[in-house]
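Okay, structure first, notes after.
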Amino acid sequence: MDIACSGLPTPDCTFAQGRAKPPISASHFCPCGTAYSGATKFHDIQLNGLSAALSIYCVSITRLTRCGRMHDHAIARGSMIVWWMTIDTVGADALAQWRKILESAEQVRADRFHFARDRDTSIAAHALKRKLLSWAGDLPPSDWRFIVGRFGKPQIDPALGRPRLHFNLSHIRGLVACAVSLDHEVGLDVEAWDRAGDGLDIAGRFFAPAELALLREAAPDDRPEVFARIWTLKEAYIKATGRGLSSFPLDCIAFEPSA
Numbered sequence: 000m001d002i003a004c005s006g007l008p009t010p011d012c013t014f015a016q017g018r019a020k021p022p023i024s025a026s027h028f029c030p031c032g033t034a035y036s037g038a039t040k041f042h043d044i045q046l047n048g049l050s051a052a053l054s055i056y057c058v059s060i061t062r063l064t065r066c067g068r069m070h071d072h073a074i075a076r077g078s079m080i081v082w083w084m085t086i087d088t089v090g091a092d093a094l095a096q097w098r099k100i101l102e103s104a105e106q107v108r109a110d111r112f113h114f115a116r117d118r119d120t121s122i123a124a125h126a127l128k129r130k131l132l133s134w135a136g137d138l139p140p141s142d143w144r145f146i147v148g149r150f151g152k153p154q155i156d157p158a159l160g161r162p163r164l165h166f167n168l169s170h171i172r173g174l175v176a177c178a179v180s181l182d183h184e185v186g187l188d189v190e191a192w193d194r195a196g197d198g199l200d201i202a203g204r205f206f207a208p209a210e211l212a213l214l215r216e217a218a219p220d221d222r223p224e225v226f227a228r229i230w231t232l233k234e235a236y237i238k239a240t241g242r243g244l245s246s247f248p249l250d251c252i253a254f255e256p257s258a
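If you want it as structure tokens, here you go:
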């Protein structure tokens, strides 16, 4: 199956992390004294005039290997692939084609948005998800089906026979991103830079004490990036565990600089 000729979106960028330590890593997890090991990645996206922060947390992965060429159509054990794409220049014909391969629940979800730009973002996000899963899992994009897990996290339908694949999706207006991993749960979060500011007010309510101290100690010009790194990592971490904010309050998860 030639995914490149399927009419689905082509990502602007794709990456997996190598051996280098990230600048901020998981420090501890407070509820019940439980700690999740894993790999983190932060990326500053600058595409078509859009600035965004993207973070990934992959549970129990300690090494993420660099991905191969996109036409290899394979994902190695213990690895993770992330694709993202801007959609501001996508035409109506392409969006209509992408919508056709979504299942009805995805179409209904997109149609609920009042603004066309939000509808387009939802359609593009789920189309990109299907393309990446097809690249990794060798099923046609329109054949993928999904269920809602115990804590509300979307999962691949077990009936498809792909129990080792895990995915997570995140999007903002104009940018969509998807991560797929083999054998390990993954969480992904993307936020626009222009919504971050220095983050001190938000951090005071949602950051752990060590994180708030780290933000306050940063130079004023560096605070937006420090805030974005910590905030998106916390969101990605919660999404990876699949438990939700009701189980894991944001101020109970702490991230700190790597040694």
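Read left to right, the sequence shown gives residues 0 to 258 (numbering that gives the first Met the number 0). Glycine residues also receive a C-beta, built at the ideal position from the N, C-alpha and C atoms. All figures in this text were calculated on a predicted structure; none of them were measured in a lab.
Item to check | Segment limits, beta strand (DSSP E) that includes ALA178 | outcome: Per DSSP, ALA178 belongs to the beta strand (DSSP E) from 174 to 181.
Item to check | Euclidean distance between Cα positions of LYS233 and SER141 | outcome: Straight-line Cα distance between these residues: approximately 32 Å.
Checklist entry - With C-beta atoms as the reference, is ALA235 less than 8 Å away from LEU187? => result In this structure, LEU187 lies closer than 8 Å to ALA235 by Cβ.
Item to check | Reduced DSSP secondary structure (H/G/I, E/B, other) of HIS125 | outcome: In the structure shown, HIS125 sits in a helix (DSSP, three-state: H, G or I).
Item to check | Three-pair Cβ contact test at 8 Å for the segment 158 to 176 versus the segment 211 to 224 | outcome: They do not touch, by the three-pair rule.
Next on the checklist: Please state whether the Cβ-Cβ distance between GLY136 and GLU184 is less than 8 Å.
Outcome noted: Not in contact: GLY136 and GLU184 (Cβ atoms no closer than 8 Å).
Next on the checklist: Suppose contacts are defined by Cβ-Cβ distances below 8 Å. Is TRP192 in contact with LEU127 by that definition?
Outcome noted: It is not a contact, given that the beta carbons lie outside the stated cut-off.
Next on the checklist: According to DSSP, simplified to helix, strand and coil, what is THR88?
Outcome noted: DSSP places THR88 in coil when its eight states are reduced to three.
Checklist entry - Cα-Cα, which of ALA253, LYS238, ALA52, ALA51 is closest to PHE150? => result Checking every option, the nearest Cα to that of PHE150 belongs to LYS238.
Checklist entry - With DSSP run on the structure shown, which of helix, strand or coil describes PRO162? => result DSSP places PRO162 in coil when its eight states are reduced to three.
Checklist entry - What residue range is occupied by the uninterrupted beta strand (DSSP E) comprising GLY186? => result DSSP places GLY186 in the uninterrupted beta strand (DSSP E) bounded by 185 to 191.
Checklist entry - Looking only at C-alpha atoms, which of ARG222, VAL189, ALA218, GLU190 sits nearest to ASP200? => result The candidate whose alpha carbon is nearest that of ASP200 is ARG222.
Checklist entry - ARG144 and GLU102: beta carbons closer than 8 Å? => result Cβ distance < 8 Å, so ARG144 and GLU102 count as in contact.
Item to check | Ranges of the alpha helix (DSSP H) found wholly within the segment 92 to 119, counting only runs of at least 4 | outcome: Positions of the alpha helix (DSSP H) runs, each at least 4 residues long and wholly inside the segment 92 to 119, are given as 103 to 110 in order along the chain.
Next on the checklist: Buried or exposed, going by whether 16 or more other CB atoms sit within 10 Å of the CB of PHE114?
Outcome noted: The residue in question, PHE114, is exposed, as its Cβ has fewer than 16 Cβ neighbours within 10 Å.
Checklist entry - With distances taken from CA atoms, which of ALA93, HIS170, MET84, ALA158 is nearest GLU190? => result For the residues ALA93, HIS170, MET84, ALA158, the minimum Cα distance to GLU190 belongs to HIS170.
Checklist entry - How is SER133 classed by DSSP in three states: helix, strand or coil? => result Taken through DSSP and simplified to helix, strand or coil, SER133 comes out as helix.
Checklist entry - From GLU224, THR120, LEU53, pick the residue whose C-alpha is nearest to that of ALA95; which is it? => result The candidate whose alpha carbon is nearest that of ALA95 is THR120.
Checklist entry - Going by C-alpha distance, which of LEU132, ALA104, ASP250 is nearest HIS122? => result Looking at the sequence provided, one finds Ile at residue 122 rather than His. Out of LEU132, ALA104, ASP250, ALA104 has the C-alpha closest to the C-alpha of ILE122.
Checklist entry - Between the beta-carbon of ALA262 and the beta-carbon of ALA207, is there less than 8 Å? => result What is shown of the chain runs 0 to 258, which leaves residue 262 out entirely.
Next on the checklist: Taking the straight line between their C-alpha atoms, what separation do you get for ILE229 and PRO219?
Outcome noted: Rounded to whole angstroms, ILE229 and PRO219 show a C-alpha spacing of 16 Å.
Checklist entry - In the structure shown, what three-state DSSP assignment does SER169 receive? => result Here SER169 sits in strand by DSSP.
Next on the checklist: Among the candidates THR231, LYS130, ALA178, whose CA atom is the shortest distance from the CA of GLY198?
Outcome noted: When each option's Cα is compared against that of GLY198, the closest is THR231.
Checklist entry - How close, in whole Å, do the beta carbons of ARG118 and ALA109 come, if the pair is a contact with beta carbons under 8 Å? => result Contact flag correct, Cβ pair sits at about 5 Å.
Next on the checklist: Suppose contacts are defined by Cβ-Cβ distances below 8 Å. Is MET84 in contact with VAL179 by that definition?
Outcome noted: Result no, Cβ atoms of MET84 and VAL179 do not sit closer than 8 Å.
Next on the checklist: Give me, in chain order, the residues of the same chain whose beta-carbon lies closer than 7 Å to that of TRP205; leave out the 5 immediate sequence neighbours on both sides.
Outcome noted: One point to set straight first is that residue 205 is Phe, not Trp, in the sequence displayed. Shown here for PHE205: same chain residues with a beta carbon closer than 7 Å to its own, the five before and five after excluded, namely LEU249, ASP250 in chain order.
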